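Take a look at the structure set out below.
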Amino acid sequence: MHAKYEQTHPDDLQAILEDSPVAYVPLGTYEHHGFHLPVGFDGIKAYELCLRAAERTGGVVMPTLWYGIGGGHVGYKWTLIVEEEHLRPLLATTAERLVAWGAKVVVLYTGHYAGEQVALVRQIAEERAAQHPGARFWGVTDPDITTPLPGDTQRGDHAAKYETSIAMYLRPEWVKLDYLSNKRATSETRTR
10 MHAKYEQTHP
20 DDLQAILEDS
30 PVAYVPLGTY
40 EHHGFHLPVG
50 FDGIKAYELC
60 LRAAERTGGV
70 VMPTLWYGIG
80 GGHVGYKWTL
90 IVEEEHLRPL
100 LATTAERLVA
110 WGAKVVVLYT
120 GHYAGEQVAL
130 VRQIAEERAA
140 QHPGARFWGV
150 TDPDITTPLP
160 GDTQRGDHAA
170 KYETSIAMYL
180 RPEWVKLDYL
190 SNKRATSETR
200 TR
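Next comes the structure, spelled out in structure tokens:
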């Protein structure tokens, strides 16, 4: 049994968490992802991957927690990055409430994997695990579940072959390769 939290009635949420006490919390941000991917790609990717995992394991998938921290794209047009002090309490409270409602496993999955965001997700998972020894908390991101191609030293990228491949697999209509051109300058992405 699995469900989308925001579309599920209270009694059904209770039954699902009793049957499969797993909760997925997808995180993303609004960020320029090249001209060929949607600006909300980190969040919609995380949500879709969490839904697919819940189909296999059961559990509840929370709505995407938008906004992220860190990364090198702060000055890019269409990018909204916030400070950690704004995101931390939302994420910590969400994890805390899920355990109070019966989740035994909480997966904090961030599709935005700037170092600061990944560190925050893992730190919150560690803090909550220390407070709730009967539950498991995982801070996870794309490079944790991606197999590197031969010759690659990293298992993730920003709007390049890994993220674009994930998008093409999940929803090919998200990818607009015809929007790419050598004539489009990076300067088109900058706001300052």
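Mapping of the sequence shown onto our numbering: residues 10 to 201, in sequence order. Don't be surprised by glycine CBs; every beta carbon is placed ideally from N, CA and C. Because the structure is a prediction, the values reported are computed rather than measured.
| Check | Outcome |
| --- | --- |
| Closest Cα partner of D187 within the set A134, K170, H82 and L46 | L46 |
| Classification of Y178 by the beta-carbon crowding that lies within 10 angstroms, buried from 16 upward | exposed |
| Span separating the alpha-carbon of A55 from that of K170 | 17 Å |
| Cβ pair A104, A134 closer than 9 Å | yes |
| With 16 other Cβ atoms within 10 Å as the buried cut-off, status of E57 | buried |
| Rounded distance between the beta-carbons of T38 and G77, thought under 8 Å | 3 Å |
| Spatial distance of K86 from A24 (CA atoms) | 44 Å |
| Own chain, CB closer than 8 Å to V108, minus 5 neighbours either side, in chain order | V115, R137, H141 and A144 |
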